[in-house]
Structures are given as structure tokens and as C-alpha cells.
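Enquirer: Sharing a structure, written as C-alpha cells. Questions coming.
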Amino acid sequence: MRYSAFAILKNALRGNRDWTPAWRKPEPRNNYDVIIVGGGGHGLSTAFYLASVHGITNVAVIEKGYLGSGNVGRNTTIVRSNYRLTPNTGFYEKSMDLWRELSHSLNYNVMFSPRGVLNLAHTPGQMDTHAERGNQMRLMGVQSELLDRDQVARLNPGLDVSGSARFPVHGGLLQPDAGNARHDAVAWGYARAADQLGVDILENTEVVGFLKDGDRIAGVEVMRNGEPMEIRAAKTAVAVAGNTGRVMKMAGVDKLPIETTVLQAFVSESIKPIIPTVTTFGAGHLYVSQSDKGGLVFGGNIDYYNSYAQRGNLPVWEEVTAELIAMFPAFARLRLLRSWGGVMDMSMDGSPIITTGPLPGMYLNAGWCYGGFKATPASGWCFAHTIANDKAHRLNEAFTLERFKDGNPIDELGAGPTPWYH
Amino acid sequence: MRLTCPYCGPRDHQEFTYRGDASAVRPVLDNTSIDDHNAYIYDRTNPDGLHRELWNHTSGCRTHIIVERNTITHDVVSCEPVGPFAEQLK
Amino acid sequence: MSGFRLNLRDGVGANLSDNAISFSFDGKNYRGLEGDTLASALLANGVSIIARSFKYHRPRGVFTAGSEEPNALITLHSGGRTEPNIRATEVELYEGLVARSQNRWPSVNFDLMAVNQLAGKAFSAGFYYKTFMGPALQGHKATRFWWLCEQLIRRAAGLGRGTTIPDPDHYARMNAFCDVLVVGSGAAGLSAARRAAASGARIIVCEESARAGGALVSTPDFIDGEPARDWSADQISELSAMDNVCVLTRTTVQSYFDDNTFFAVERVTDHLSHKDKTSPRQRAWNIRARSAVIATGALERPMVFAGNDRPGIMLADSARRYAIEFGTAPGRAVAVFTNNDTGWLAARDMAKAGVIVTAIVDVRADIEPSIRSIGEECRATIHSGSAIKSVKGMRGVSGIVIANYNELTGELGDDSKSIACDCVAVSGGWSPAFHLTSQQGGKPTWDAELQAFLPGEPLQKWHGAGAMAGEFGLTRAFRSGEEAALKALADIGVTIPKQAAKAGSGPDIDGDEIDYAPAPVFEINSGGKSFVDLQHDVTAEDVRLAHREGFVSVEHLKRYTTLGMATDQGKTSNVTGLAIMAAASNKPIADTGTTRFRPPYTPVAMGAIAGEKYGHLAAERLTPMHDIHVDLGANMYANGPWMRPETYNLPGETVEQAYIRETRAVRAGAGLVDVSTLGKIDVQGPDAAEFLNRVYSNGFAKLPVGKARYGLMLREDGFLFDDGTTWRLDEHRYLMTTTTAGAGRVMEHLEYYRDFVWPDLKVALASVSDEWAGVAVAGPKSRDLLKACVKKCEVTDKGLPFMGIVDGVIGDIPVKIARLSFSGELAFEVYCGAHWGSALWHALMSAGEKFNVVPYGLEALSTLRIEKGHVAGPELNGRTTPHDLGLSGMVSSKKNFVGSVLLQRETFGKEDRLQLVAVKSLDGQRIRGGSHLVAGSKVQPGGSQGHTTSTCFSPELGSYISLALLEGGYKRHGEKLFATNPVRNAHVAVEVISHHMVDPEGGRMRG
Amino acid sequence: MADLAEKLSPLHELAMPRSGSDKVILSERLCDSLVQVQAWPDSVGEVEKQIKQTRGKRNVMPTGPGRWLIDDQSEGLEEKLRKKIGAELGAVTGLTHARVVVSISGEKATWVLASGIALDFDVTAFPIGTTQMSHHHEIGLTIYRVGENSFDLYVFTSLVRSFWHWIEKASAEIGYSVI
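Protein chains in written order, with this note's numbering: chain F, 16 to 437; chain V, 2 to 91; chain Y, 4 to 1010; chain C, 5 to 183.
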């Protein structure tokens, strides 16, 4: 059923009884052209672009839990491409291009909202590094503006721009056409659109092993409704974010340049619109925006230590709220409604991996750290290209697994091979 | 999370600095193999379950400890001292 | 509904005192009594519509009497103290309290936004996902269309209005440690606390309400012959008097973290009319408990039926509590609608308090005679095997229509019957409040007998007691509290002899013994709008629509319909929603599962979480000369944790004019700069030399005593990590300096190698950053300046050669002087004990007077080193190697060191890497920070070939210059490029030159 | 050493005497000598002996394995100890200027301290005459318990003003004096 205002009216008049499932709940076949392990944002978008761009529709997406149960439904929904290093700027701007037309591509309103992403600067030196990044963006065709303090104040009325602030605001870098999207809608929209193109989405189906023909990966063993089952495919792709280590071990890949940590996200009670942009603090680590429902959605640093727990600890609560109310002192009285955690696949340089291999017949999409949401469209688009052509696209050719050992990290922060610093 | 420093006693993990996987051990000084060094800094088992990891009690006695901790439950199984005084602290 | 104040007497209005209090709601003044909540006072004043719902803007009243309230959200105070979305049921009334309704226009009684209701069914779950995508046009029109719609939707959404005025109050924290934390002070909590406290263990009891006692406060039961209320008050005062017990009221335990760390918030002054300014508004309690007893009770849930959101419909036990505790009748004629016995008790207690209970409607056909007799006792008509089919009245309740109800099929009969009433007290059973343990990942289990989820197996050291653990009723609450306390004591190694345990067992209870299990009825489906989640306006139909569209998993249900995602986190709606989904899927509730509760339990002010950090985000580090800089009028700025002088502006000078003047003065004569912020590490031991030799890329083994050397530190991956000079003070004693920003991480880096990698080396490391004040004296006259004030040592070229160190005295101050130069001039660094730092500065300034010495700030310091081509933070950006910065000479090939192996990777030898050069403006234009180097014009710049790193005006070269990293830069000196800076609207023609711009041979500093 | 210049505390203008409640009493001082001694694993006993042999009015606080912080009421301890403890035995580091001592006493002293420091101040967990290291946010602290309600806090010199501001604010709810 095509979604539209007309469809809503028509169905409303019939008591909403005629709506059908957003995607099928098919039984698995024994054989597919491509299996994608992981029914999160990246896995689903990969399936969609395999089907829509490359005409490969005999595809299964295999998800252990419910669809979108990982980070696609746990993030702070920020969409941007304000990167400093060329491989990242180009890749994320491709993502922006896809975001802009995504609701139409999917016939599903993902509520992409280009409200602007503002990074604050608190020293003259930080203004310079923001300028350096803004100029990189401009040279690559990405919108960016360096704002002075007054411009920043006009954009965010509650922001403390006084000289008496502990870290006074000097200005900020604005990507005016970046913003947010509705996270769950991205998962559901990709799922529905991929499903309509013939992709089988297998929920509650857990990969418990990989099938091999000699050295070559030939599919997966799964548990479904308590029953084991083999599903074969010419190509097996893995896009499981924080669970990368877990899943790759089943394929015999014991070590990767990835560590898994927990990132907490926070939402306040819902209030009338109070901050128009996505705003980040420059003297610590905090990002905040306001959802359409009215909650302030924010987050900060990861909980450092390795974790698969999907929940974090108190120090990050204190840090994050302290930074938020240092930026917006009026928010001290606003109330935190809920916090939750997601597990992050932190790579050794803070940048992702989208590659063929590491085993024959296998493809890997991982290392998203905590920036995976904005990448969802381009990640799937590039991964689909890589799977279809057995070769990376120009946009993801730098995102190899070998770059670390070759000495070519893509290290935005210059923090070095310590995953929890990125 | 609370970690037990063998010198100072149980403390909030905030007092410690996380230094990561303790199974990553630096090759000895005269080992000049690029592969070995690459493995040391980039290869991680990243287990879901027990993880041996290094923490420095930076806001306390600055002793390094190896914590064995479950990465799914965050249960701390053990905290052992390392470093020159490891034997004395055991 | 028109609530009113009952005749207050013993057992009616137990929380209230005689003191009248005036307050206002929506600008109108009312009177209440001390002890009222805002909700009870409004009810007593006959105010029934208090709020509007989130989506449809339907009128809403008071639904509960506690923190689970979904409806009665109001805004408190004004200005910087504005607090939206406060539950009126939790606000303790005080003189002068000002509250107003929210999310309505123009008023709560007449809200035009209620037109949303007309869209009715179109506004169903998932509505937004299916539309507003805009016309399918070329380009990015779709986005723009949504962007337009979104602006309007955002304005309509949201609950209350926040403020942009800073919160004037402050917050505090308390770090607490205890053996046993008892959460909740009802029957179970009290008995656990009594038992645990008797052992002498350290106990903290947290109670959410103003008054401890939980259900004991309002139950008509007797304990040990006393009314339960009096008994519990005695127990609390006994406990509070014990040295090993801390009882905290108005304190909600919000979150349960790892290793039994609990986060609680105490409301210190929120309930006071006159707030003492030194007291914090709220206090965060970080509680580390060795074990815990969770006795958080249970939350009543409603049944869902058509029109169930009208003002005047509330939970039965809440209605009862308003009568007993607050002496307030929830209506003139109350109908009770229940599926369990507790609804009948509520009817009885209300009737006893003087409330007219007109009818009791129970979905169950079979009612125990003892329960049935209650109906007769309160003179209500009894309708068993019946259910509410619809509610009469638009903005309140004027009556209900009931019909026969078949418990097995869930069908209603055709025999409609009207009952006049203005209040419906509904009970759909009880849901244990195991939010805390669920936060920790505990998996709840469905108990079909109790028709409730129970907390499941503990993953940490906690023990459930009372209704939270499914132990309903006072007798079981007391017993389970005792048992939980004994288990908690066992956790901490205290065992109570069995005999003693028995002797102390529960008090004598005289009260109701009833069955708490409800009939498994969650929804009466009669076709009308039936709300499951009152706050988010999620209807039973929405749940079924989600099912129809395949959003069957509980998480999908939550996300698709937003059920349970409102500010009450679905406290009264989750179980009902699950039950409706289970019914739609034809699955037992047990197989449907439940979502994990997320912390906090109730919404918490951000200020309370930040605690003492509100207004004090980070400590400031100050050098010993800080006050001097401030007195000199320096532009101080935050440089990481440090406050540092940027420039010392003369009146009327800009920053640029000031640093150029300061730079010139240094190169012409002498200047002083405060370098106390440099990291300083004391490295000692027989193996110190070997250790340094391993962590620096250049050789350190042969550094003579009395000499300093510039050293480079790499990361293991071969990239630059930090730099600085290290001074050999003695055979086995070194003073290492690091960059200001790198001090902490270098120390940890060194400790890692000392402890974990080479523990056999005898090396001691100690941070001495704060021990030493440092002043750099630079300029051709610097030696003359020192000569004029230094005693007990030689500062001649012979006595103190380049990179030499001597001990001396200036005034009465012992100093260490090292001949080091960052500026490229003849220069010295003078160090002394920090507490003498300002005296040293004054001594140097006065000695320098005749040499026209100037103080210079970081801008001039930076300008001097840029001209000299010395690298600093902007060049050590974590992506550069020594080879990239022209420092290959500092990489020893004769030893292995940290980073030596991976620095040999092929990629680091590539000629097109970004390499350090300088660029010079060719046309007098300023090169702005953050420029990129390009070959093309402003309009068509082409790709970036590199970027500037450190930029300034060079008085020496008479031109704007910058250090830069340029692809293959070493071979491009003389090339002409552009430093483009589109975000700063600059495009400057530059020439690539060597980064050694001033005195490349080093004659000045060695002179 | 008597001819040395007067030391200036970063708190010289902040910690001015003020009379108020005696439930919390604050004061500050600089050390005459504050020295850290670090023994090697095989010389702990010998170093301890050497420390005992250099007599003086002092407080010797263990601050880590084989490590002590010595607060001595006379100047020149660093040099004295260095003569006794050579590199073969351990390392001697002068910290006289690196810390400022903030003292707090009074019946509410532990309440004030616990409001910012995550240590169990119960006397069973932190006995009189013992030393604990911890932090107040980013400010590292060495805390010596002088008596049941009396503590000396060794605070980093560059951070002591921030610490003082905090401790005054935390004491304000109770009421306090500065001596």
C-alpha cells in the first residue's frame, strides 16, 4: 500500500482496518544471492540499495531480535557531514544527498529535518580549527558557515554566551543544511521499501555460525523459533555494529581493530520548541537537539570501558548534564526523562570500515563508533556497491581494514589507536 | 562500577583511567617486527564476556591493576595489581 | 466532577493541618490546607480540568495521587524558576505557590487545539510516517516540504513551555556509603529497615513522599493495637534516632547503576515557601550500598474503556487516598469500577470518610460474600458481572452506561443501564514497581496468578520485599521485609541467629485479608475512544493498528505508538498495552514480554544530576603569577583547564597590535613570559636514563649532568605524541617538561610503560608540574637582565652554555636556570618553587626595567616560535610524524624506542605526505587561521593541497606568515599558491618558504 | 635556609579569617617541607628505616606502594633525605610548593567532605591517623584524618583556589568559620 495523505484519509474513514503489515514476515528460503547479517539501519539500507540500484533482490536480511533493535533506534538522530578529512567529508556528503531525498525514495517519511548543526568554539584556536574544517567542507562542496558569537547567540537564545562562562563562546561552525531525522522511521522505511522490492527480512533469527565451502563463506547457520537452520548464499555481508566482534568470531575472525563500548543517550521531558539547531559544546563533549515531540535529545562521551551492556553508569550522567546546563543554564530545571545505552563498534581511528573480506565470500561493514546513524544511507549505498561489484566504490575505498596496519588511519581527532578516545 | 584497588580499597571507577585490553602486550624492545607491533596495537579480541583490562588508579595511588570484568554484566571478577610492586600488593 | 473538602476528623484528612494556605492556579486564587498537594487542593476547590492531553488536547483531570500521574501536568513558578510538566499530585502546597496549566490555547477550559480531535482516526499511530512527504518534485523539495510541516507540528507538540532564563538556584551532592539501602518506607521497607538496623549495620532508608510509611499512612488497619499510621510514625522516629540509620524523606531513588550504586534525589527546599538561599534546591545522593532491599510497592493500573480519559475518572486507590489522607472527596457521587477486591476496599474507605459511593461495578460475576458485604456497608448499588460501556459528559463525567460483561468472551451485553455519577474510581489490578531492578537488566516474569509482572531474578545484591515482589497485603509485606533484610545482612556477612530472627518477627496486624489478584480483564472494548496511555493519547485501537501493521514486538509497539514514552514512562499503562497487544496477537502476555525500564524512575532536574557542578563546570588551574597577569590587565583566556594571558594590551590596543608590540620588544630587548603551565615530571632512578632513552625518539643515554635536551615522544604507531625538554639534574635524576596540554597524558603514558611494559626498570615518576613556577626570559638583553639579579651562579656563555642548567639565587629565591630558547633569541627559563613564583616575576621585572623588559602573552610567544619555525600543538595534531615536521634528525637509528618500529612503515616515507613548510603573504593580506592551500582562484579554488597550522603577522618578515602542512611541501619552496579561507572570506596569494624563517643558523640563541 | 624568601599562598587573599558556625572550621597553610619518597620494590624496609632516622616534627603518610608523603615542620627535608636515600634505595621528590594544605574540622566536616568526595568517611572505613587519596572532580587530593572530625587535605597548588571556592560553598549550607 502506498503511503500518502490520501491513503490516510481513506483508511481513517474505514476505521483503519485495511492497513497491512509494513513488511512481510516471510519464511526463510534455503538460498539467497546475498545474505546480510544485521537488521539495523545499515543492513536494511544495504538491502534496499542492492535491490534498487543493483537489481539484486534475492536478498535476506537476518536480524537476531526485532528489526532496528540496535543503534538505529538508540541514537541521538544527528545527520551531518561536517568532517575534516577528505574520505569522511566525501562519504558523509553522499549520505546527505541520499538523506535529502530519502522520504521519497522510500515512500516513508523519515522526517529529515535540515535545521542546522552548530559546533561551538571556545578559544581563538578552536575558531581556527573550525575554520579549517569549514573550509575543507566548502572546498568539497559542502555548506558551512563560521559564525561569530553574536550570530551564535541569535541562533540559540538560551545559550550562555557571556564572558563569565567557564569556557566563553567565541563562535561556531554551522552546517546549515544538516540536522536530524526520525531514527526508527529510517529502519522501518528501509525495511518496508526493501521488502517491497522482494528482500526477505527475517526477524528473530539469530546467526549462530557461518557455512564454509573450503575457505569461502557460503552462508549462515541460524536459530529460528528454537530450530537450527542453514541458509546459503554466494555472498554474506556483515553489518552488526557493536556486535561485530561477536559475529566475526563465528566466522573465525578472532581479532579486529575494533572494541565495543557503551554510549548513553538522554532525553528530557517534552517542552515547546526551545532550541532550533543541533548544537555541540566545544569545551567538552556534548550534543543536543530537540525532537519534534519536544524532548531535548542529547549525549556526550562513551563510557570508555569495553561493554556490551546497553546501559551505562552514573559518571557520564553527571558529565553530560553538567555540560548541557553549562551551555544552557536555563535547562537546570528541565528534567531528564530517560536514558539508555547502545553498544558502539569503536574503531582504532574513529572512522568506519566498508570492505570486501576479510574472508572470501564475505563483506564487512563496521567501525561506526558513535556516528553510524548519519551514515546509514551512504553506508548501505557504498556497501551495496562493494557487494555487487566485489570492489569498493570510490567513496569507500579508503575505509579498508588494512589501513591501520598500513599506517594510513583516517583519524579526525588525531587521537591515535585508542578506540575509546575517538 | 566499583573497582578494588589493591592499595586503596574499593573505589568508584571514576578514580581510575581505563587503559584497555590487558592481553595486548608490547613486543620486547629488540623485537622490530612490524607485524608484531601492528598486532599489539590494532588486534583486539573484544570479547563479549570476561575481559582482562588494565586500569590505572590515577586519582589514588596510581597503581595499575588488571581487572577481570564481564563486558555484558559489568560484574568485576577480580582486580590484580601489576607493575614493580605487584608481588608486594598481592 | 466536583470534588470538595470533606468534614475533617480523625482518619479523614490525616495529612492535613488546620493552617490555611493560599495559592493560585491559572491566575485565580484558591485556598488549601497545609499538607495538601496541589492536586488535592484543586480537587477540594472543585477544579476538575487541570490539563490538556498531548496529541488531541482533550481535557484531563487528576488520575492518581502520586508520581505515576499521567494527566495532571502543570507549570510551576515563572522566570528562571519556570518548571513545566510538574505533576500536580506531587507538589506540596505552600503559601503563595503559583501554578498554571499548559499545552492549551487560549485556556485549559477552552482549548482551540482540541480541533486535533476532529482528525480523529487519521491521527492514528504511525500517522507522520505515512504523509507530509511533499510533492515528488526534482531536487530536494521533499525535504523542504517536511521542514515546513515540521515547524508547525513542533509548535503544536511539546507539553509545557520552558524558559531561557538561567535557573537561579543551586544544587548539591552527597556521597553516601551504607551496608543496606532500603528503598521505600511502607510496611515492607519499614520492617526491613527495623530488622537490618537492629544488627548495627549502616542503613539508609529513602522515601519518595514527604511522609514515611507508604500505604500504612492511609490504611484503616491496626498494628500492635495502634492505628497503622501512628504505629508507623513511631517506628520512623525510632529509626531516625538511631546512629546507624539515615532516613531520607522527599528522596526518590531514581536509578540503579553497577555494583549497587544508586542515584537518588532529595527535594530539599522545593516544598518551602521561603527558601533559604544557602540551602540547595535539591541534593543528589550517590549511594554505594553493599546490599539493598527494594520495597517500592506496586502501582495500581486502570481498566481501559470508552471515554476513560474524562476528568473525574481516577484510580480507585488514589480516590481513596484523597478522601483519607487529604480529606477531599473526588466527586459528589462516585462509581467504583473494578476487577479485583481492592476496588471494594477503596469504596468502603471512601464511604467511611463521607464520600457518597453510588455504585460498585465489578467485571467479575462471582464475588466473595465478605467482599460483597462491603458494598452493602457503603450503601452502593452492586453490579457484578458488569462493565462500563461508555461515559456520559464531554468535559467531565455526568454518568456511566454499564452493561453485562462476559469475562470469558470479553463481550458486553445489550442491556445498557445508566448510573449517575461525577467520578469513576477504577481499579484494574496492581503492577509491582520493579523499575529499579529492571534498569539493571533484571528480566521480569509474568505471574498468571497475580496477573502481574514480577521483578525476576536479581543480577546484583538486592532483595525485593512487599508488593514490589508480589507480596501483597500487610502481613506478607512485613514478613517479606524481614526476610529481605536477613538476606541483605547475609550479603554483607552478618548472620542473625535463627532464634533472634524469629523473636523479632513481624508485629501483630489487625486488618483486611483479601485476595489481591484481579480478574484478567484489561480492556472493555465497546468501540469508543479508549485510552491506554493517557499522556500520549495512545488508544487501544492504536495498539491494534500497530499489530495490524506488523509492529508486534513490544519494542516496536512502544516506538510505533509511543506507548509508555511520555513523562510518566507508562507507569499506569504499560501492562495494559501489552495485554491488548497480546490479545491481538493471540499470545499469552508471558510470551509478549515487556520493555526494559530506563532510568530515571521519575523525571529528574538536570541541575540535580549535575549537582555541585551547576555553575562550576570545571576547576580553573592558575599559575602562581595569575594575579600579576590580571593586575597587568592581561586578556586572560581558558586554555584547557588553565587560565593564561593572551596579550597584555595597552589602552586602546587591539590584540594584534599588542602581540606585535610584545614580539618586537622581545626581539629588540627582553621579555618575560609565564611558562609555569608546562607539564613537569620528576624522573629518578638507576634506570632513568635507560627509560628516557626508550620513550624518546632521540638519544638520551648520553645527556650529561647539567644539560637539557629537546626530546620527541612518539605513539607506538609512529605518530608524534608530545615534545619538550628534559634536564639532567643529577646522575639519576631528571626533570622532564611536557607540553601544557600533554602533561596528564604523558604522565599516564610513562606510567604505563614503567608498570606494565618494563616493570623491571627502577624508575620513579612524580608529577611536579605544580612544584615549579617558570618564567622564560627571552631577547638579546636577557643575559644582561639575569646578570643584574642572579646570585651564586654564572650566566655567561661559558658558565651557562646553550642547553645548560645552573642553580642560583634571585633575591632570596633559589632558582634553576636553563638556557633554552623557544623564540629563537638568546633565552633562559628560570624555575623556582611555586609559592615564590610571583616574587620571582617581580624580581625579574625590576631587574629588567633598564632593559625595557615587557611581559608577553601567548600570542607573542606563538609569533616568536612561528617565526623561528618551532612546532607546537597545531603541528603535533596526532596525524604527523617527525618526518612530516622536518624532525627526522631527532629520530635515532641507533636504538629501539616507543614508535620506532611502526615509524618504519612504508607510508611514512612517501613524498606526497603533508610536510611542514611556511607560507608568506605576497600581497599584504592577512592569512587567517584555518586556511587551506590551493592553486586556483577564489571562485574556482580547486582541491586542498594542505592547510595552515599556526598563523601570525611576523614583525621580522614584515608580513603575514603561517606554518603549514603541504603535500610534498619540502620540495615546493618558492612555489606560489593561495591560502584560501572561504568561511572567513579570504583568499591570499602566498609563497611557500622554509619554516626556518628567523635566524635559521641559530646564531642568536647560541650567542 | 633561614634566609629564603617568604612563600605566598594562592589562598592568601581568599582564606581570610571569618567567624561563623563552629560546625565547620576551615583553614589553610603551606608546608615547610613536603617530600615524597619512593622506594624500589627491594628497598622498602630500608627506606622506611632511613625516613625514621631523619628526625623531625612531621607526619609521614603512606600514599602508594613503597611511597610516602612527608609533611615536616622544618625546611630542608628534601636535601636531608636525599643524602640518606640515594638512587640505589629510591627517589626523593620535593613537593613543598606543589601542595597547599586545607584543613577542615567540626562536627559537620565529614558531611562537607562527603558532598564532593566519593570516600567513605565513616571512622571504621577511614580511621584516625590514616591517609586516603581521592579526588574532587578533576582535583586530586591526599587526605589525612587528624581526628574524628578533623582532616588535612593536600591540594594541588594550581587548583587550590577552585577547591577552596567549592569547600566554602559546600560549607555554606551548614555555616562555617575560617581561622
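For every residue, glycine included, the Cβ atom is placed at its ideal position computed from N, Cα and C.
What residue range is occupied by the uninterrupted beta strand (DSSP E) comprising Y:Arg796?
Expert: For this step, residue 796 of chain Y is matched to residue 793 along the third sequence. Note on identity: in this sequence residue 796 of chain Y is Cys, with Arg being the wrong assignment. That residue, Y:Cys796, is in no beta strand (DSSP E); it is neither H nor E in DSSP.
Enquirer: May I ask you to list, following chain order, the residues of the segment 757 to 774 of chain Y that have a beta carbon less than 7 Å from some beta carbon of chain C?
Expert: Correct list: Lys765, Ala767, Ala769, Val771, Asp773, Glu774.
Enquirer: So what does DSSP say about V:Phe86, is it helix, strand or coil?
Expert: The count along the second sequence starts at 1 and reaches residue 86 of chain V at position 85. Correct three-state label for V:Phe86: coil.
Enquirer: Could you please tell me which residues of the segment 405 to 439 of chain Y, in chain order, have their CB closer than 8 Å to any CB of chain C?
Expert: Per Cβ criterion, the list is empty.
Enquirer: Cβ of V:Thr46 less than 8 Å from any chain Y Cβ?
Expert: Translated into the one-based positions of the second sequence, residue 46 of chain V becomes position 45. Judged by the 8 Å Cβ criterion, V:Thr46 is not in contact with chain Y.
Enquirer: For my contact list, F:His137 and F:Ala298 are in at a C-beta cut-off of 8 Å; report their separation, rounded to the angstrom.
Expert: For the purposes of this step, residue 137 of chain F is identified with residue 122 of the first sequence, where counting begins at 1. For the purposes of this step, residue 298 of chain F is identified with residue 283 of the first sequence, where counting begins at 1. Indeed, because the Cβ distance is near 5 Å, the residues count as touching under 8 Å.
Enquirer: Taking just the CA atoms, how far does F:Thr104 sit from F:Met155?
Expert: On the first sequence, position 140 is the one that residue 155 of chain F refers to. On the first sequence, position 89 is the one that residue 104 of chain F refers to. Their Cα atoms are separated by approximately 7 Å.
Enquirer: Could you tell me whether any Cβ in chain Y is nearer than 8 Å to the Cβ of V:Val83?
Expert: Within the second sequence, the letter at position 82 stands for residue 83 of chain V. Cβ-Cβ to chain Y under 8 Å: yes for V:Val83.
Enquirer: For the segment 354 to 379 of chain Y, which residues have a beta carbon sitting closer than 7 Å to at least one beta carbon of chain B?
Expert: In the structure shown, chain B does not exist; the protein chains are F, V, Y and C.
Enquirer: Rank C:Asp126, C:Gly144, C:Ser181 by C-alpha distance to the C-alpha of Y:Asp773 and give the top, closest one.
Expert: In the third sequence, the residue the question calls residue 773 of chain Y occupies position 770. The option with the nearest alpha carbon to Y:Asp773 is C:Gly144.
Enquirer: Give a yes or no on whether the minimum CB-CB distance between V:Phe86 and chain C is below 8 Å.
Expert: As a first step, residue 86 of chain V is located in the second sequence; it is residue number 85 there, counting from the start. Cβ-Cβ to chain C under 8 Å: yes for V:Phe86.
Enquirer: Closest to Y:Ile2 by CA distance: which of Y:Arg479, Y:Ile327, Y:Ala455, Y:Arg482 is it?
Expert: Outside the shown range of chain Y (4 to 1010) lies residue 2 of chain Y, about which nothing can therefore be said.
Enquirer: In the DSSP assignment, find the alpha helix (DSSP H) that holds Y:Tyr325 and state where it starts and stops.
Expert: Here residue 325 of chain Y refers to the residue found at position 322 when the third sequence is read from its first residue. Start and end: 319 to 329.
Enquirer: Any idea if F:Asp360 is buried or exposed, counting beta-carbon neighbours within 10 angstroms, 16 or more meaning buried?
Expert: The residue you call residue 360 of chain F lines up with position 345 of the first sequence. F:Asp360 comes out buried.
Enquirer: Along chain V, which residues have their Cβ under 9 Å away from the Cβ of C:Ser162?
Expert: Taking the first residue of the fourth sequence as position 1, residue 162 of chain C is located at position 158. Those within 9 Å of C:Ser162 in chain V number zero; the least Cβ separation is about 16 Å.
Enquirer: Go to Y:Thr595, then tell me how far its alpha helix (DSSP H) extends in each direction, as first and last residue.
Expert: If you number the third sequence from 1, residue 595 of chain Y lands on position 592. First-last of the alpha helix (DSSP H) with Y:Thr595: 592 to 595.
Enquirer: Between the segment 369 to 387 of chain F and the segment 113 to 121 of chain F, do at least 3 Cβ pairs fall closer than 8 Å?
Expert: Too few Cβ pairs lie closer than 8 Å, so no.
Enquirer: Give me the subset of the segment 27 to 38 of chain C whose CB atoms are less than 7 Å from a CB atom of chain Y, sorted by chain position.
Expert: Cβ contacts with chain Y come from Leu34.
Enquirer: How many Å lie between Y:Phe722 and F:Lys420 at the Cα?
Expert: As a position in the third sequence, residue 722 of chain Y is number 719, starting the count at 1. As a position in the first sequence, residue 420 of chain F is number 405, starting the count at 1. About 13 Å.
Enquirer: Excluding the 5 residues preceding and the 5 following Y:Pro707 in the sequence, name in chain order all residues of the same chain whose CB lies nearer than 8 Å to its CB.
Expert: Translated into the one-based positions of the third sequence, residue 707 of chain Y becomes position 704. Within the same chain, Y:Pro707 has close Cβ partners Arg731.
Enquirer: Please report the straight-line C-alpha distance between Y:Ala506 and Y:Arg198, rounded to a whole angstrom.
Expert: Here residue 506 of chain Y corresponds to residue number 503 of the third sequence, with the count starting at 1. Here residue 198 of chain Y corresponds to residue number 195 of the third sequence, with the count starting at 1. Only weak support exists for where Y:Ala506 lies, its pLDDT of 49 falling under 50; the coordinates are left without a value.
Enquirer: State buried or exposed for F:Ser362, treating a residue as buried only when at least 16 other CB atoms are found within 10 Å of its CB.
Expert: On the first sequence, residue 362 of chain F is found 347 positions in, with the first residue counted as 1. It counts as buried.
Enquirer: Rounded to the nearest angstrom, how far is the Cβ of Y:Leu41 from that of Y:Val94, given a contact under 8 Å?
Expert: Within the third sequence, residue 41 of chain Y is the residue found at index 38, counting from 1. Within the third sequence, residue 94 of chain Y is the residue found at index 91, counting from 1. Y:Leu41 to Y:Val94, Cβ: 4 Å. Contact.
Enquirer: Would you identify the three-state DSSP class for Y:Leu537, choosing helix, strand or coil?
Expert: Along the third sequence, one-based indexing puts residue 537 of chain Y at 534. If DSSP states are grouped into helix, strand and coil, Y:Leu537 belongs with coil.
Enquirer: Taking 8 Å as the CB-CB cut-off, is V:Asp31 touching chain Y?
Expert: Locating residue 31 of chain V in the second sequence gives position 30, where the first residue counts as 1. So, interface residue.
Enquirer: To the nearest angstrom, how far is it from the Cα of Y:Ala837 to the Cα of V:His38?
Expert: As a position in the third sequence, residue 837 of chain Y is number 834, starting the count at 1. As a position in the second sequence, residue 38 of chain V is number 37, starting the count at 1. For Y:Ala837 and V:His38, the distance between alpha carbons rounds to 42 Å.
Enquirer: Taking C-beta to C-beta, are Y:Gly611 and Y:Tyr259 nearer than 8 Å?
Expert: Locating residue 611 of chain Y in the third sequence gives position 608, where the first residue counts as 1. Locating residue 259 of chain Y in the third sequence gives position 256, where the first residue counts as 1. Note that residue 611 of chain Y corresponds to Ala in the displayed sequence, not to Gly. Against a cut-off of 8 Å, the Cβ pair of Y:Tyr259 and Y:Ala611 comes out as no contact.
Enquirer: Got a sec? Which residues, its chain only, sit under 6 Å from Y:Asp365 by beta carbon, not counting five neighbours each side?
Expert: Within the third sequence, residue 365 of chain Y is the residue found at index 362, counting from 1. Here the set comprises Thr341, Ser387.
Enquirer: Can the beta-carbon of F:Ala249 be found less than 8 Å from the beta-carbon of F:Asp48?
Expert: Counting from one through the first sequence, the residue named residue 249 of chain F turns up at place 234. Counting from one through the first sequence, the residue named residue 48 of chain F turns up at place 33. Yes, the Cβ-Cβ distance between F:Ala249 and F:Asp48 is below 8 Å.
Enquirer: Who are the neighbours of Y:Met177 on chain C, taking C-beta pairs under 7 Å?
Expert: The sequence position of residue 177 of chain Y within the third sequence is 174, counting from 1. Within 7 Å Cβ-Cβ: Ala118, Ser119.
Enquirer: Whose C-beta lies closer than 7 Å to the C-beta of F:Phe296 among residues of the same chain, with five residues either side of it excluded?
Expert: As a first step, residue 296 of chain F must be located in the first sequence, where it is residue number 281. Leu135, Glu338, Met342, listed in sequence order.
Enquirer: Run the CB neighbour count on Y:Glu526, radius 10 Å, all protein chains shown included, and call it buried at 16 or more, exposed below.
Expert: As a position in the third sequence, residue 526 of chain Y is number 523, starting the count at 1. The residue in question, Y:Glu526, is buried, as its Cβ has 16 or more Cβ neighbours within 10 Å.
Enquirer: Just list the residues that DSSP pairs F:Met238 with in beta bridges.
Expert: Sequence index remark: in the first sequence, residue 238 of chain F carries index 223 (1-based). Answer is F:Glu221, F:Pro243.
Enquirer: Please name the residue in Y:Gln120, Y:Val296, Y:Ala301, Y:Asp352 whose C-alpha comes closest to that of Y:Ala322.
Expert: Against the third sequence, residue 322 of chain Y aligns to sequence position 319. Closest by alpha carbon: Y:Asp352.
Enquirer: Examine chain F for any beta-carbon lying closer than 8 Å to the beta-carbon of Y:Ser826, and answer yes or no.
Expert: Here residue 826 of chain Y is taken as the residue at index 823 of the third sequence, counted from 1. It does not: the Cβ of Y:Ser826 has no partner Cβ on chain F nearer than 8 Å.
Enquirer: Going by beta carbon distance, what residues of the same chain come within less than 7 Å of Y:Arg712, once the five residues before and after it are set aside?
Expert: As a working mapping, residue 712 of chain Y is identified with position 709 in the third sequence. Excluding sequence neighbours, Y:Arg712 sits near Phe703, Leu706, Thr728, Thr729, Met806.
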